[in-house]
Amino acid sequence: MHAQKCPAICFPPHTHERKGEVVAGGHLHTVESSNPTPRTLMSLRCYEDLVNFEILLRKRGYHELTIEGWLKCLKSLHIEDLSQYEIVYEILAKKAVSTNRKIAILNAYLRFLDFREIPPKYVPRYTRIESLPFVPTENKIDSLIFSLGGRKISTMLLIAKETGARLGRSGA
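Residue numbers for the sequence shown follow this note's numbering, beginning at 1 and rising by one.
This is how it looks when you write it as structure tokens:
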């Protein structure tokens, strides 16, 4: 068996739970650091499940950012056994994050349960909260434009603000 570095699942060097090697998915994964912190300790069984989940997602052709996002969601639960969905749902309900983040974590967790072939008896329901994007007031835009030192930049931004033209089309 050969040693392989696993880009998405492996913890950053400062948060590994122990030095050593983990066998998962037929590959030998190296763990390079030894700084145990309470929030990142994870059982080797859970770590192996996450590595196998990552390997399966890669085989199915999921995008790298999707895989990293789902793994980050699962690791944010800070639980030793991800197969106990009642405990995961309780942790998720008490977690101090936004409702939209809870939905993202729940979706990643349901994908993980599907991977482990564990049918949940129930699934908590969260309602997505739609929020409007931040739009600064006209005074804030004006103060930003005039706080920039150069006349060319200030003039260019003022034209863009007043006409709604893109910077490349306003005669630069």
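Note that CB positions come from ideal geometry on N, CA and C, so glycine has one too.
Given the structure is predicted, the values throughout are model-derived calculations rather than measurements.
Own chain residues within Cβ distance below 7 Å of residue i, not counting five before or after
| i | result |
| --- | --- |
| L113 | Y85 and P120 |
| V88 | L77, I79, L82 and Y109 |
| F115 | F53 and L56 |
Same chain, Cβ closer than 6 Å to residue i, five either side skipped, listed in chain order
| i | result |
| --- | --- |
| I145 | S154, L157 and L158 |
Nearest to residue i (by Cα), restricted to the options the options
| i | options | result |
| --- | --- | --- |
| S76 | T66, Y62, G168 and R101 | R101 |
| T127 | Y109, A104, L148 and L57 | A104 |
| L71 | A160, L106 and K94 | L106 |
| A108 | A165, G168, L65 and L44 | L65 |
| I141 | K161, I129 and V123 | K161 |
| Y122 | P133, E90 and P136 | E90 |
8 Å contact criterion, which residue i and residue j should meet: CB distance rounded
| i | j | result |
| --- | --- | --- |
| L92 | D49 | Incorrect: roughly 18 Å between the Cβ atoms, too far for contact. |
Chain C within 8 Å of residue i, Cβ atoms only
| i | result |
| --- | --- |
| R101 | Of the chains in the structure shown, none is chain C; there is only one protein chain. |
Span of the alpha helix (DSSP H) around residue i
| i | result |
| --- | --- |
| F146 | E138 to S147 |
| S154 | R151 to T163 |
| T66 | E64 to K75 |
| A96 | Where A96 is concerned, there is no enclosing alpha helix (DSSP H), given that its DSSP letter is neither H nor E. |
| R60 | That residue, R60, is in no alpha helix (DSSP H); it is neither H nor E in DSSP. |
Neighbourhood of residue i by C-beta, 8 Å cutoff - its chain only, sequence neighbours within 5 removed
| i | result |
| --- | --- |
| I67 | A8, E54, L57 and R58 |
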